[in-house]
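Undergrad:
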Amino acid sequence: MRKIILLLVAISFLSCEKNDTNDSLPDVNVDITVNLNLPQYIDLQTPSGWAYTSGGVKGIVIYNMGTGNPPYKAFDRACPNNDCNSPMTFDGSLKLKCPCDNSEYSIIDGSPQTKGNKHFAREYRVNVLNSSALNITNF
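What the sequence shown shows, in our numbering, is residues 551 to 689, in sequence order.
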């Protein structure tokens, strides 16, 4: 019985899907604290609010999903499928957009929304420090 349980656990780990991030983006250290009381981050206090901040490869976009623990998502603005000089943009429509090739990525999970793209947008971990501060780090 013990061997069967170990086998099932091993199979479940092997069958997990992994987001395919673009390894050609440079590895950067991310450890940013965001004060939600500052004017540039005030929109993050409400669901569907978002803001840009510095850090990462080409800057970071932070989005308040309104649900979840934590309810925030943070993605690098570097285009994962293209060596683009301009960062991705976000207009609140649930998609990040790369200006070089018009490819789009979900703000919910970073998944590519453009046919033919396989790399996910690079996501960062968001920790809620208290009611007015977030910490964004590498996973």
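All C-beta atoms in this analysis are idealised placements derived from N, C-alpha and C, irrespective of residue type, glycine included.
All of these numbers come straight from a predicted model, not from anything done at the bench.
Rounded to a whole number of angstroms, what is the C-alpha to C-alpha distance between GLY599 and VAL584?
TA: The sequence position of residue 599 within the sequence shown is 49, counting from 1. The sequence position of residue 584 within the sequence shown is 34, counting from 1. Going from the Cα of GLY599 to the Cα of VAL584 covers about 14 Å.
Undergrad: Can you look up PRO589 in the DSSP assignment and give me helix, strand or coil?
TA: As a position in the sequence shown, residue 589 is number 39, starting the count at 1. Reduced to three states, the DSSP call for PRO589 is helix.
Undergrad: Look at the alpha carbon of LEU690 and the alpha carbon of VAL676, and state the distance between them as a whole number of angstroms.
TA: Only positions 551 to 689 of the chain appear in this structure, which leaves residue 690 out of reach.
Undergrad: Are GLN663 and TYR674 close, meaning C-beta to C-beta below 8 Å?
TA: Taking the sequence shown and counting its residues from 1, one reaches residue 663 at position 113. Taking the sequence shown and counting its residues from 1, one reaches residue 674 at position 124. Result no, Cβ atoms of GLN663 and TYR674 do not sit closer than 8 Å.
Undergrad: Once DSSP output is grouped into helix, strand and coil, what is the label at ILE555?
TA: Walking along the sequence shown from the start, residue 555 turns up at place 5. Note on ILE555: pLDDT 43, under 50, position unreliable in the model; the coordinate value appears next. Three-state result, ILE555: helix.
Undergrad: May I have the straight-line CA-CA distance separating VAL678 from ILE582, to the nearest angstrom?
TA: Position 128 of the sequence shown, counted from the start, is the residue given in the question as residue 678. Position 32 of the sequence shown, counted from the start, is the residue given in the question as residue 582. Roughly 12 Å separates the two Cα atoms.
Undergrad: Enumerated in chain order, which unbroken segments of the alpha helix (DSSP H) with a length of 4 residues or greater are wholly contained in the stretch 619-667?
TA: Those alpha helix (DSSP H) runs which fall completely within the stretch 619-667 and span 4+ residues do not exist here.
Undergrad: Helix, strand or coil for LEU575 per DSSP?
TA: Here residue 575 refers to the residue found at position 25 of the sequence shown. Coil, per DSSP.
Undergrad: Near ASN572, what residues of its chain come up, given a Cβ to Cβ distance below 6 Å and the 5 sequence neighbours on each side ignored?
TA: Here residue 572 refers to the residue found at position 22 when the sequence shown is read from its first residue. For ASN572, the predicted model reports a pLDDT of 46, less than 50, meaning its position is unreliable; a value from the coordinates is still stated below. Closer than 6 Å at Cβ, skipping near neighbours: PRO630 and HIS669.
Undergrad: Please say whether LEU575 and VAL611 have beta carbons closer to each other than 8 Å?
TA: By one-based count along the sequence shown, residue 611 stands at place 61. By one-based count along the sequence shown, residue 575 stands at place 25. No, these two residues do not count as a Cβ contact at 8 Å.
Undergrad: If you draw a straight line from the C-alpha of CYS634 to the C-alpha of LEU588, how long is it?
TA: The residue you call residue 634 lines up with position 84 of the sequence shown. The residue you call residue 588 lines up with position 38 of the sequence shown. Answer to the nearest angstrom: the Cα atoms are 30 Å apart.
Undergrad: On the DSSP letters alone, give me the boundaries of the beta strand (DSSP E) that ARG675 sits inside.
TA: Here residue 675 refers to the residue found at position 125 when the sequence shown is read from its first residue. Where ARG675 is concerned, the enclosing beta strand (DSSP E) stretches over 673-680.
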